[in-house]
Every structure is written in C-alpha cells, then in structure tokens.
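Below is one structure, written out as structure tokens; comments come after it.
Residue numbers (my numbering): 21 to 186.
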C-alpha cells in the first residue's frame, strides 16, 4: 500500500512539474491520472507480479546504499571517460566487440538498473538484457579480454548496486 501511494505521489509530482502549475484542479487531475495508472498497472501485472525483495533488504538499508551507488557510478563514468580519451589519443589499442556478462537472477528492476548504470559509462553500451538466460550483452571498446570485462562488471555491481537494487 505504501508503495502504491509513493507511486501515485511521484507520478502526480511529475505531472505537476510538466504543467508547471499548482492549481487545485491540476492537482486533482494529476492525482486521478496517477491513481488510474498505478491501479491499472497493478491489475495488468497482477498474477505476474515480481517476487518480493530478498531478505535483509529493508527500505532504510537500500536508502543508505544510495550515496555509494551515486559515488561509484560517477567513478565508473570517470574511468570510462578516461578509457575513451586514451583510445581517441591513440594511447591504447581499440578492439571493440560484444561481451556477454552474466547477471544474477534477480528481479527485472535490478537488471534494468544495472543496464542503465553500465550505459552511463562512455566506454560501454548495453545492447540487450536477457532475463531468461540471465545475461547482459555489452558492446565495449576493449574486448580483448572478455573475462576481465565480466570481472569488472561483477565488481562494479557488488560495490555499487547490490545494496540498493539487489
């Protein structure tokens, strides 16, 4: 119930920000639209609802991991920018290619968050996320050692994302 109220509040806020209005009528329309979206979304998802969070992942614990997620995502972006600069300046040989990275079998939001984080770094692009096989297909600028790419991605997930999106 709390999750549904948070979704309604978030959607209403986005609606009001898009309108740049706080008139009572706009607030009511935003609440009605957000409630309909959340209600229909729950009804559509109903029987295919994702499993609950793993044990030990309370909202407070996930919120506490958010600064680390932001910090380490920024670190990954800076490292990726440095790698791209080295490729552009000819300091490193560029051997682009595709690498399959196994993802832990979690809920889809975790895989989506991981894909977004990986895509923020300029030296890698997410090509596909396959929840069924549990793989993330990446295009990277240095695919000489696919195992090193997999290890780096797994380490990045463990240090930055696991506490927020298990």
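Heads up, the beta-carbon is just placed ideally off N, CA and C, and yes, glycines get one too.
Check the C-beta distance from residue i over to residue j and give it rounded, since I have them as a contact under 8 Å.
i	j	result
residue 149	residue 131	5 Å
residue 160	residue 85	About 26 Å; that fails the 8 Å criterion.
residue 135	residue 156	6 Å
residue 154	residue 122	6 Å
residue 107	residue 114	5 Å
List the endpoints of the continuous alpha helix (DSSP H) containing residue i.
i	result
residue 148	Run containing residue 148: none in the alpha helix (DSSP H); it sits in the beta strand (DSSP E), 144-150.
residue 31	22-39
residue 167	166-176
Looking at the unbroken beta strand (DSSP E) that takes in residue i, where does it start and where does it end?
i	result
residue 122	117-122
residue 184	That residue, residue 184, is in no beta strand (DSSP E); it is neither H nor E in DSSP.
residue 157	155-160
Under a Cβ-count criterion, where at least 16 other Cβ atoms within 10 Å of its own Cβ denotes burial, should residue i be classed as buried or exposed?
i	result
residue 32	buried
residue 144	buried
residue 25	exposed
residue 176	buried
residue 164	exposed
Per DSSP, what kind of secondary structure is residue i in: helix, strand or coil?
i	result
residue 83	helix
residue 56	helix
residue 46	helix
residue 114	coil
residue 135	helix
residue 105	helix
residue 141	coil
Verify the CB distance criterion: does residue i have a CB-CB separation below 8 Å to chain D?
i	result
residue 34	No chain D appears in the structure shown, which is made up of a single protein chain.
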